[in-house]
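For reference, the structure discussed in these notes is given below.
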Amino acid sequence: MDSTPLHIGYACINLSLQANKITTNRGMVKKTFTEKGIAYASELALKNVRDLLTIVDWNLEHGFQLFRISSDLFPWASEYRIATLPDFAEIRETLEEIGARPIRLTMHPGPFNHLAGQGKVLENTIKDLEYQSDVFDLMGLKPSHWNKINIHAGGTYGDKAATLARFAKNFSLLSENLRARLTVENDDRPSLYTVTDLVSLYEAIGTPIVFDYFHHSLNPGSQTEEEAFLTAYNTWDVRPVFHYSDSRQEYEDPKARREAHADWLYSAVNTYGREVDIVFESKMKELSILRLRGETIEVVPK
DNA sequence: CGCGGTCAAGCTCTG
DNA sequence: CAGAGCTTGACCGCG
């Protein structure tokens, strides 16, 4: 196992900086949004975006050239256009600065996105995904799978094939830039989508498959890890980003649900001699990777 | 200022 | 049949 991922990263939260209140997840409940409106949303978004720049720079200083950014940078983003925010000028400036950094940024919008959905569900999905793509546009990033916007296929509605066909049909409703960025990931439960299930989607609309090692182990379908890895690998037109985490049940708590991710990382990643970037989805975030490297870092507020 | 109840969205599974 | 969990806990009112 001599092949090291070229870029490694983690998802959304930097625990070292969060200890000093540097975070990109500021939001508000519905009541507050109703009371304070987009002025407050703008204020929170600007703070989130500024802290994202700090996190990106921390990452570069610590050898992380890949980072999944939060999909909650802009609270209640579905209710306004980013360009209408009072702090838009500063927000855009900061996003441009982030986009110019030598780091690969990705997104993983939430589980409410169902591109195969209908009516309101589909409407909300398109709105959310387009907003995420707008953020990458504002960063000045050329649309490609290098900066993936990754989602799951969603529910099955009792019929996987028909649902994937609807997903493919609705894909044509998306903007060109979003279509160029969208990827899909294999699911962790046997009722949902395996890598081979997603191949038909790739054949129909060219969306690369994000291989999640842990999900595959829980829902392998008919493929071995190597087969699924290579199947997914071959759907990419740039270096793939794959996801890795260890099982909480296996390594930390026998009573944990089988889908639960471990806090830390335990086993080595086999990339089968291929060049891939890896997002580690361990609960202890960057700390679990630093620990693997034999580095430690104090997480205490300054 | 720290604590705990509460929180947009959709689907699936668990208890 | 209500609630947890998902990708990632965080907000906010109360004492």
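The numbering used here puts the first sequence at residues 4 to 305. Ideal placement from N, C-alpha and C gives every residue a C-beta, glycine not left out.
Beta bridge counterpart(s) of residue i as assigned by DSSP
i      : result
Tyr13  : Phe70, Phe283
Arg107 : Leu69
Tyr247 : Phe283
For residue j and residue i, believed in contact at Cβ under 8 Å, the rounded distance
i      : j      : result
Gly143 : Glu99  : 6 Å
Pro112 : Gln135 : 5 Å
Leu132 : Ile152 : 6 Å
Ser256 : Ser285 : The sequence as given places Asp at residue 256; Ser does not occur at that position. Rounded, the Cβ-Cβ distance is 14 Å, inconsistent with contact.
N- and C-terminal bounds of the beta strand (DSSP E) containing residue i
i      : result
Ile152 : 152–155
Tyr269 : Careful: Tyr269 lies outside any beta strand (DSSP E) and carries neither H nor E.
Backbone secondary structure at residue i - three-state DSSP
i      : result
Ile212 : strand
Leu181 : helix
Glu229 : helix
Asn147 : Strictly speaking, residue 147 in this sequence is Ser, with Asn absent from that position. Reduced to three states, the DSSP call for Ser147 is coil.
Thr186 : strand
His117 : coil
Phe77  : coil
Ser203 : helix
Thr197 : coil
Asn222 : coil
Asn23  : coil
Thr234 : helix
Thr87  : helix
Leu290 : helix
Glu253 : helix
Arg296 : helix
Limits of the unbroken alpha helix (DSSP H) element including residue i
i      : result
Val59  : 33–64
Lys123 : 123–141
Ile101 : 91–102
Arg260 : No alpha helix (DSSP H) contains Arg260, which DSSP labels as neither H nor E.
Arg169 : 163–174
Proximity test, residue i beta-carbon vs the ligand FAD heavy atom, cut-off 8 Å
i      : result
Leu181 : Although the ligand FAD was asked about, the structure shown includes no ligands whatsoever.
query = With a cut-off of 8 Å, do at least 3 Cβ pairs link the region 55–69 to the region 11–27?
reply = At 8 Å Cβ cutoff, the stretches touch.
May I ask you to verify whether the region 189–199 touches the region 211–228, counting CB pairs closer than 8 Å and requiring at least 3? Between the region 189–199 and the region 211–228, the count of Cβ pairs shorter than 8 Å is three or higher; the stretches touch.
Do three or more CB pairs link the region 277–290 to the region 228–243 at distances below 8 Å?
Touching, yes, given that three or more Cβ pairs across the two stretches are closer than 8 Å.
Worksheet item: Three or more beta-carbon pairs under 8 Å between the region 71–86 and the region 42–52, yes or no?
Response: Touching, per the Cβ criterion.
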